[in-house]
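So the structure is just underneath, and the comments pick up after that.
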Amino acid sequence: MKIEPFTIDVPQSEIDALRTRLANTRWAPELENENWSYGVNGTYLRELMSYWQDGFDWRAQEARMNAFPQFRAEIDGVPIHFIHVRGKGPRPVPIMLNHGWPWTFWDFKDIIMALADPAAHGGNPEDAFDVVVPSLPGFAFSGPLRRSGVGYVETAGLWVQLMRGLGYEKFVTHGGDAGAFVSARLGHAHAESLMGVHLSFPILPGVPHDAADAADFTPDERALVEGQQRGRGPGAFLHVLIHAFDPQTLAWAMHDSPVGQAAWMLLRRRAWSDCHGDVETRFSKDTLLTHLALYWFTNSFLGSELFGRASAFPQPMALANDVKPEINVPTAVAVLPKDLMYQPRSLVAAHSDLRQWTVFPSGGHFGAAEEPTLMADDIRSFVRPLRRG
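So the sequence shown is residues 1 to 389, counted in full-length UniProt numbering.
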């Protein structure tokens, strides 16, 4: 495996072309949508797109990303992009952070250095990590894909190869959304390479997403689930079906219109985060547009859809063996009260080696991006006893 340094450098011609497209937008009509009941509100979308066209400084965001050491490699014909930051401490533990959709690797921007250099962020240097943050296959700079069929199952195998190529025989993995599928798969099918699995989205191999019975939930858990259901609305998972069964049709529109692509992803950022209807309480305009620009400049929307198609997310996670519990390495779950899905602690404990369970006071589906300090502390707490083992 050949690993090469990588620097993000979008040609100026592409930045100029994006601004031209934004200036020439043909806006859709809109009726009775002040409260976002029909989808993304046009007033806010126009405001955000105006800033993308005339105020957003891509070069400044590019410089922020390039401040982290980045690399590219090819594994089994799949191009992979990743950040790799060496920890500052006596015995850094390797950790891989796995993002989801419509996330990018940049959703971990505020947690990377807190894990790699804890002393500089109010922590103990003995809690240091070597931090690896890959872009999932098909996302951003982990593309373009030259074949289909690369989902979370295949990605887990790629990640073991990547970490071994970096010199790590065993590592910790963290993930939310699609990254939780990858991390859970690693703990299930590649336990020999894992020190532990930390999840911010409770996914269990072989267990249907609705496996829990009413009796499995404590009163506090029932209240939490009811709050999630009220907050997420009826269409929270519609994108999963479209991405899985009609990805190419949607891609023709998404790859042609930056405003259309922005609306598709913006809706999820607002609906799935703990923002109380104001997305900028969780993500600034610059942050939102950096994620949108990463998809746009890398032409990777279809690649992200194909990852979802190959992963078959609506189905229970595939089993690779009959080992019990299914995640047979130390496991931790960070519960975000406004996330999209919840599994009761008793069910997670029955299907994993559960060592830590933390219910955060706030936060939604974009866990580490919304609550970076809480997430860093939770990861450190989980791994601390594993270092001694």
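Even for Gly, the Cβ is constructed at its ideal location relative to N, Cα and C.
Euclidean distance between Cα positions of residue i and residue j
i      : j      : result
His209 : Ala17  : 43 Å
Val85  : Asp130 : 6 Å
Glu280 : Arg232 : 17 Å
Gln12  : Thr104 : 22 Å
Gly122 : Trp272 : 30 Å
Ser183 : Asp216 : 24 Å
Met1   : His81  : 13 Å
Glu47  : Thr25  : 13 Å
Ser362 : Arg282 : 11 Å
Phe139 : Glu74  : 14 Å
Val141 : Leu294 : Val is not the amino acid found at residue 141; the sequence shown has Phe there. Cα to Cα, the separation comes out at about 8 Å.
Ala320 : Val329 : 15 Å
Residue i - DSSP class collapsed to helix/strand/coil
i      : result
His121 : helix
Gln248 : helix
His84  : strand
Pro330 : strand
His239 : helix
Gly308 : helix
Pro314 : coil
Phe141 : coil
Pro372 : helix
Lys170 : coil
Phe108 : helix
Trp357 : strand
Candidates the options: closest to residue i by CA position
i           : options                        : result
Trp58       : Thr290, Leu386, Asp177         : Thr290
Phe71       : Ala60, Ile83, Glu326           : Ile83
Val225      : Thr173, Met341, Arg146, Ala263 : Met341
Met265      : Ser200, Val10, Met254          : Met254
Leu199      : Pro361, Ile8, Val207, Trp357   : Trp357
Phe237      : Met1, His365, Asn24, Arg380    : His365
Glu326      : Pro247, Leu204, Ile3           : Leu204
residue 390 : Phe201, Gly196, Ala116, Arg146 : Given that the chain is displayed from residue 1 to residue 389, the structure contains no residue 390 and the question cannot be resolved.
Leu347      : Cys275, Phe360, Ala212, Ala369 : Ala212
Glu169      : Ser193, Trp159, Phe297, Val150 : Ser193
Val359      : Asp377, Val333, Val383, Arg380 : Val333
Unbroken beta strand (DSSP E) run spanning residue i, endpoints
i      : result
Pro5   : 3-5
Asp130 : 129-134
Residue span of the alpha helix (DSSP H) that contains residue i, given as start and end
i      : result
Leu153 : Looking at the sequence shown, residue 153 is not Leu but Val. Segment 152-165, the alpha helix (DSSP H) holding Val153.
Ala262 : 258-272
His188 : 178-189
Arg91  : It is not in any alpha helix (DSSP H) - Arg91 carries neither H nor E in the DSSP assignment.
Ala17  : 12-23
Ala350 : 345-350
Mind pulling the alpha helix (DSSP H) runs of 4 or more residues that sit fully within the stretch 44-74? If we require 4 residues or more, the alpha helix (DSSP H) runs fully inside the stretch 44-74 come out as 58-66.
Unbroken stretches of the alpha helix (DSSP H), 4 residues or longer, contained in the stretch 187-232: If you keep only unbroken alpha helix (DSSP H) runs of at least 4 residues inside the stretch 187-232, you get 219-232.
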